[in-house]
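J.: Line by line, the protein sequences are chains H and Z.
Note that this note's numbering numbers the first sequence so that position 42 is 42, with each residue one more than the last.
Position in the second sequence (first residue = 1) + 1000 = this note's numbering.
In this text, a Cβ means the ideal position worked out from N, Cα and C, and glycines have one as well.
There are 2 protein chains.
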Amino acid sequence: MEVTISNFTKVLPEVEKAIQNCTFLSIDCELTGLNVTRNINSYDAPGQYYDKVRNNCKEFLVIQYGLSTFRYDSENDKFKQQSYNFYIFRRPMNRNIPDQRFLCQASSIHFLINQCFDFNKLFKEGIPYLNDEEVKKYRSNLEDNFKKRSDLIESQQNGGHEDIIPIPENAQDFIKDVIEKIETFLETEETELQLPKCNSFFRRLVYQLRTEKFAGKVSMETRQIDKDRVLFVTKLRTKEEEQEHEKKIFEGQLEELEGFIGFNKVLKMIVKSGKLVIGHNLCLDLLHTIEKFLCSLPCEYEEFKELAHGLFPRVIDTKYMSSTNPFPDLISSSVLNQLLERLSEKPFSIPNIEIEEGHSGYKILDNKEHEAGYDAYITGVAFLAMWKYLGSEQKLKDNEIFGNMDLLEPYMNRIYLMILTDNQYIHLGGEDSNPSRDHVFHITFPKDWRLNNITQLFSPFGNVHVSWIDETSAYVGLNKRDQAAIALNTLSQSDTIAITTYAKRQAFLSGTKTPLSSPLGTRKRRKSSEGPPSSKKRRTDSFPSIISKRSIDRIEEERMEAEDGSTPGIYKKTFEVDTTWD
Amino acid sequence: MEVTISNFTKVLPEVEKAIQNCTFLSIDCELTGLNVTRNINSYDAPGQYYDKVRNNCKEFLVIQYGLSTFRYDSENDKFKQQSYNFYIFRRPMNRNIPDQRFLCQASSIHFLINQCFDFNKLFKEGIPYLNDEEVKKYRSNLEDNFKKRSDLIESQQNGGHEDIIPIPENAQDFIKDVIEKIETFLETEETELQLPKCNSFFRRLVYQLRTEKFAGKVSMETRQIDKDRVLFVTKLRTKEEEQEHEKKIFEGQLEELEGFIGFNKVLKMIVKSGKLVIGHNLCLDLLHTIEKFLCSLPCEYEEFKELAHGLFPRVIDTKYMSSTNPFPDLISSSVLNQLLERLSEKPFSIPNIEIEEGHSGYKILDNKEHEAGYDAYITGVAFLAMWKYLGSEQKLKDNEIFGNMDLLEPYMNRIYLMILTDNQYIHLGGEDSNPSRDHVFHITFPKDWRLNNITQLFSPFGNVHVSWIDETSAYVGLNKRDQAAIALNTLSQSDTIAITTYAKRQAFLSGTKTPLSSPLGTRKRRKSSEGPPSSKKRRTDSFPSIISKRSIDRIEEERMEAEDGSTPGIYKKTFEVDTTWD
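(1) Taking C-beta to C-beta, are THR1198 (chain Z) and PHE1214 (chain Z) nearer than 8 Å?
(2) Indicate whether at least one CB of chain Z lies closer than 8 Å to the CB of GLU2 (chain H).
(3) Is it right to say LEU509 (chain H) is buried, meaning 16 or more other beta carbons lie within 10 angstroms of its own, or is it exposed?
(4) Quick one: using the 10 Å Cβ neighbour count with 16 as the cut-off for buried, is GLY373 (chain H) buried or exposed?
(5) Can you give me the Cβ contacts of ILE153 (chain H) inside the same chain, cut-off strictly under 8 Å, excluding the 5 residues immediately before and after it?
(6) How far does the alpha helix (DSSP H) with GLY1583 (chain Z) in it extend, from its first residue to its last?
(7) Is GLY358 (chain H) buried or exposed, if buried means 16 or more other CB atoms sit within 10 Å of its CB?
(8) 8 Å is my cut-off, CB to CB: does GLY33 (chain H) come that close to chain Z?
(9) I want to verify the contact list: residues of chain H whose CB lies under 8 Å from the CB of HIS1110 (chain Z), in sequence order.
(10) Drop a sphere of 10 angstroms on the beta-carbon of ASP482 (chain H), count the other beta-carbons inside from all chains shown, and report buried for 16 or more, exposed for fewer.
(11) Does ALA498 (chain H) come out as helix, strand or coil in the three-state DSSP assignment?
(12) Looking at chain Z, is there any beta carbon in it that lies within less than 8 Å of the beta carbon of SER6 (chain H)?
(13) What residues of chain Z sit near CYS299 (chain H), judged by a beta carbon separation below 7 Å?
(14) Report all residues from its chain with a CB closer than 6 Å to the CB of THR500 (chain H); omit the five preceding and five following residues, and keep chain order.
(15) Give a yes or no on whether 8 Å exceeds the smallest Cβ distance from SER107 (chain H) to chain Z.
(16) Could you tell me which uninterrupted beta strand (DSSP E) segments, each at least 3 residues in length, are contained entirely in the stretch 1381-1452 of chain Z, listed from first to last along the chain?
(17) Does any residue of chain Z have a CB that is nearer than 8 Å to the CB of LYS17 (chain H)?
(18) What three-state label does DSSP hand PHE508 (chain H) in the structure shown?
(19) Among H:PRO166, H:VAL53, H:GLN81, H:LYS58, which has the Cα closest to the Cα of THR69 (chain H)?
(20) Does DSSP put THR490 (chain H) in a helix, in a strand, or in coil?
(21) Can you name the residues of chain H whose CB is closer than 7 Å to the CB of ILE1113 (chain Z)?
(22) Since GLN194 (chain H) meets chain Z, which of its residues come closer than 9 Å, beta carbon to beta carbon?
(23) Using a C-beta cutoff of 8 Å, does CYS104 (chain H) count as contacting chain Z?
(24) At the level of alpha carbons, what is the spacing between LEU1307 (chain Z) and LYS10 (chain H)?
(25) Rank H:ILE331, H:SER140, H:VAL315 by C-alpha distance to the C-alpha of SER322 (chain H) and give the top, closest one.
(26) Look at the Cβ atom of CYS295 (chain H), then the Cβ atom of GLU133 (chain H), and state whether they are nearer than 8 Å.
(27) Taking 8 Å as the limit between beta carbons, can you name the residues of its chain near PHE232 (chain H), skipping five residues before and five after?
(28) Could you tell me the alpha carbon to alpha carbon distance between THR1455 (chain Z) and SER1392 (chain Z), rounded to whole angstroms?
(29) Check each candidate in H:GLN172, H:ALA376, H:THR234 and name the one with the smallest Cα separation from GLU190 (chain H).
(30) Determine the closest residue to ASN463 (chain H) out of H:GLY477, H:GLU183, H:PRO328, with distance taken between C-alpha atoms.
(31) Can you check whether the CB of SER433 (chain H) is closer than 8 Å to the CB of GLY385 (chain H)?
(32) Using DSSP's beta-bridge definition, name the partner residues of LYS1078 (chain Z).
(33) Mapping DSSP to helix, strand and coil, what is ARG1314 (chain Z)?
(34) Could you name the residues of the same chain whose beta carbon sits closer than 8 Å to that of ASP1285 (chain Z), not counting the 5 residues immediately before and after it, in chain order?
(35) Does the beta-carbon of THR1184 (chain Z) have 16 or more other beta-carbons within 10 angstroms, so that it is buried, or is it exposed?
(36) Does DSSP put CYS22 (chain H) in a helix, in a strand, or in coil?
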């Protein structure tokens, strides 16, 4: 179901019920840009990775949010689903909400428009949102202003005092005219007077007449009439009437604020439910979800982990799941649509899924890829097929599988990290994977060096994986890990390059000069391990088998299209980065 | 006429003819954001102002460009107009063009969508553009690559050499299969072989087979098939055939580049014509026009002035014109639609204007405000009405007026600067206005100070105009200029605040410690004055009579809506800035 500002309030109770009753739910975001792959290095530690994605989240917007709920009907052994596709856009509401500036990435916009994304609908009918901090700030502004206005009523009754701006020459006729109008008005029985339209500076000049000329006689307020803001004069009420009037305005503002909170209400429902949340390549979506609709992302990586785990105690990333035992032997692509295609064939099978009666949902054949609601839906379907497979491997019946969280334990709360070479993941509520990078070196070299120079340098020690940092530095990973000591020893003699171990480099970056054996991001405030060490198969080569992702896919594809050997000059280095396939 | 990528090439010759034949032309831009008023201080020097607008231009996009041409038909004493409304958006074309990231401002988007701006059409059918530097870079990349590929043909024929990536385990079956397919293909009469779809990394692995396994036997190239990129194998041609093939590809690429240049062609036509260009509140539009469609904006202000004057030797800003003698006495608002309304009444009159036969244009009653084409049109109409007024004041007949540039001399090449208090303007090809700011001081004060504290501090010396810089500093201008010396003397004694002259502050900012009597921006490389000193009336008060502008209007309005006295807490200082009406 498409949800915009026009039906949001009406749909909300139905969404709440769906969340409360579901076995699990799946989510997906469409964004104004990704950009995230730009800075990430394939040897980043999870904490470094987090920093980069976090910065990215600040710049781009979530413009569509997909939510799909799946309820297991054990009696009939089938799933009932409901899916929602929310358009999300925050208009500049009033001066309590900053006029948002946001980045767009041409490739993302281009991609979405080709998928028939309706930007006109988005900008016209998007659902607003405010995260908790924004709501708090906003509410406290309203309270402050209410208090100030209440105080002002006192002082106005006593003549008041405010900064008086001298009337410039070109305004004098206008103001004279207004004074006459008000004086005439005061002698009539009329209850209010609409003043002539004028610009905001003139309105300010008129406004000061309230205390300067008509103290104790009139109230003024600005109202929006079509496209214009117009001043209205009313005869001054008693102090009590004024206070009552102010209170009503304040209550109206609080009600308005309620409306502005918008989409956050859905997230609050999800958080409150504590339900299992499924996403595909969840990292970016999870960070955006928290930052946009719940609260600011903390600077500290470990704090983020605690926060995210507290908000979403059970999440599964189908990208991580599909690339972890036993699936990599059965699944060759974890790109969402390809994954779903694979999971529709033996040895997998998709459980029976129906749209909940009287509600809206998708069918797989709708084929609305990159509509957030549809992507959320097929993510849930893919998850179900894998869950079913895990159970059927243990000869369990469907009704013994769906509900059996033990089957999901190896994948629980592990977030896939695109681009990283050694299958690092973020483990919410647990310890991150921490693969050894003793075979990785940090090197600096002359500006004109290209991939060939580096591979030649390391050629005595076998093949290498080069991950560029900038024009003059890179991480280099040896395929033959046992060559690490001799490579370091030999190349340390070089006059042309400088080489240091990965651990030393990380220590340098973190400001500690002493060598460390573990990557930076996982050092701080490590909690005692809450889960068993990952049982997943470690890849022996330094290339992740599949690099692309649902939404990041397209960017990756773009970046990688240089495989035909034509090196565009301006992207010389970038191209080389790409050929190393980080 | 609406112009998108679908009719751009067809319309171009007609546009060229219209430009060549016109008496003058008018332009207008719609942008993804303005934001420009945020940082500008009402006491900025023109050079400082330029820096801020220039930075702004880098972030936002031009998404609609309006062009209206006016041809005076002296025989029939009427103007013939043609108007065009171009949708402008650059899709990510290929890897020679960076994937553009651009800012949007929610208020601008909201405003445009409410004016029925069609964002779907923009993103789907926008006309591309590349400024000259981008074209040059792109062309040189293509040439480099052509050369590289030509060289590669030699080396390939000789077996070639390129970086060989070891085949990871999960790719080995795939690669084995591909090798078999190619071997079979080589034994057939077929001319080309389409390989199975695969991801870009796999394609790279296949690609290296060309030299590693099949040197001298096959060529490979990637083609786009629907959404996928697919590798094709052809039997190796002779060196000459290959070179011929490469040349064709190169020529195709150059042709493609021609298409990407897009909207710049229109700007080139305007520049080439040397025609009089009219704009309303032209500063932002002029900078965007140059930066997006011609060349990067120089860092140095004086360089910009030379560049802009060279490109557009005759420009008139109707906002400047309408706020300069004799018009301020007759016109109370320079907001475009209000200006037009005023100019439709006596003592003004709008000349006879018709749409050029067989072409498209607007009527005033179309009322399509903020459609760039329409705004360009009514800007031209407003200009015509003022031109006619100037002539009729001198008892000239229409055919003596339209063509009489002397009448326009006082306004020629003077660009209005919004927000500045003292009617500063940029004078292209001449010396900027340089009003004395001897009555202006720079003060720093405690963080908790508000407007009241400053006005009280200066109260012995009369009313002041406060222009906030940040939380602890502001410029303060005295209304009574003769109090400057005594104010400085007295307040220099203060322990709470620090006060310095405007000139000293500017000198400090420019790195010179010695006091200067002229503002920073106009100091550098001043050219000898090319025009007579402006004859316009200097305002004696420190408030510009009208602050708002066509597109900036709405922002200003937003910022100024605080006139009802309710001070939002988070914008405390901002609000105070607004009440000073910079």
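T.: In this structure, then:
(1) The residue you asked about is not Thr; residue 1198 (chain Z) is Cys in the sequence shown. Here CYS1198 (chain Z) is not near PHE1214 (chain Z), since their CB atoms are 8 Å or more apart.
(2) Not an interface residue.
(3) exposed
(4) buried
(5) LYS239, GLU242, GLN243, GLU246
(6) Here chain Z comprises residues numbered 1001 to 1582, so residue 1583 (chain Z) is not present and cannot be evaluated.
(7) By the Cβ-count criterion, GLY358 (chain H) is exposed, with fewer than 16 other Cβ atoms from all chains shown falling within 10 Å of its own Cβ.
(8) yes
(9) Ordered by position in chain H, the residues that pass the 8 Å Cβ test against HIS1110 (chain Z) are ARG91, PRO92, PHE123.
(10) The residue in question, ASP482 (chain H), is exposed, as its Cβ has fewer than 16 Cβ neighbours within 10 Å.
(11) strand
(12) no
(13) Contact note: CYS299 (chain H) does not reach chain Z at a C-beta cutoff of 7 Å; the least C-beta distance is about 22 Å.
(14) HIS442
(15) yes
(16) 1414-1416, 1425-1427, 1440-1444
(17) So, not an interface residue.
(18) helix
(19) H:GLN81
(20) helix
(21) ASN120, PHE123, LYS124
(22) Going along chain Z, no residue has its Cβ under 9 Å from GLN194 (chain H), so there is no contact; the nearest lies around 15 Å.
(23) yes
(24) 57 Å
(25) That would be H:ILE331, whose Cα lies nearest to the Cα of SER322 (chain H).
(26) yes
(27) Around PHE232 (chain H), the same chain offers GLU192, LEU193, GLN194, LEU195, MET220, GLU221, THR222, ARG223 as residues with beta carbons nearer than 8 Å, after the five sequence neighbours per side are excluded.
(28) 47 Å
(29) The shortest C-alpha separation from GLU190 (chain H) is found at H:THR234.
(30) When only C-alpha atoms are compared, the closest one is H:GLY477.
(31) The residue you asked about is not Gly; residue 385 (chain H) is Ala in the sequence shown. Not closer than 8 Å, so no.
(32) Z:ASP1073
(33) Coil, per DSSP.
(34) ILE1027, ASP1028, CYS1029, GLY1279
(35) Counting C-beta atoms within 10 angstroms of its own C-beta, THR1184 (chain Z) has fewer than 16 neighbours from the protein chains shown and is therefore classed as exposed.
(36) coil
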